[in-house]
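Asks: Numbering (the working numbering), first residue to last: 1245 to 1357. Take a look at this one; I'll ask things after.
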Amino acid sequence: MPLEPWEELGAELLIDDEHVKCWVETVPPGEQRPAHTHRHPWVTVVLSGAHGESLDENGELIKAVSLETGQVVHNRGEHLPMRHYVHNLSDRTLVMVAIELRTPSAPEEGPNS
């Protein structure tokens, strides 16, 4: 079975249940985290912002990122599975909380709802 993103990152799960997984990712200035694979949509909450790059496992640029402290990003998962890593190009430590959403979709509302 493939490793989950927090396992690839070596991060401890803060919330671990069947619907939500949550962990903290810290990227010191000038460093990068290991490549990891997202298989579910997730929300990123930026606790300490920085600028850098999101790269695929071959080091190809996916996109440049400028994450601001307090920013919340919903990664809807249009391109799952997504394998990437973050390279911090700033002089500040980047700290993010990742919240993986595994909750099934709500049923469609019927005519009597």
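Each residue gets a CB set at the ideal place from its N, CA and C atoms; glycine is no exception. Treat the numbers as computed from the prediction; the structure is a model and nothing was measured.
Please state whether DSSP places E1252 in a helix, a strand or coil.
Replies: Secondary structure at E1252: helix, using DSSP grouped into helix, strand and coil.
Asks: Quick one: is K1265 buried, meaning 16 or more other Cβ sit within 10 Å of its Cβ, or exposed?
Replies: buried
Asks: Is the Cβ-Cβ distance between H1284 and E1344 less than 9 Å?
Replies: For H1284 and E1344, yes; Cβs fall inside 9 Å.
Asks: For the beta strand (DSSP E) holding S1344, just list the boundary residues, first then last.
Replies: A small correction: the amino acid at residue 1344 is Glu; Ser does not occupy that position in the sequence shown. Where E1344 is concerned, the enclosing beta strand (DSSP E) stretches over 1338-1345.
Asks: DSSP state of A1279, grouped into three classes?
Replies: coil
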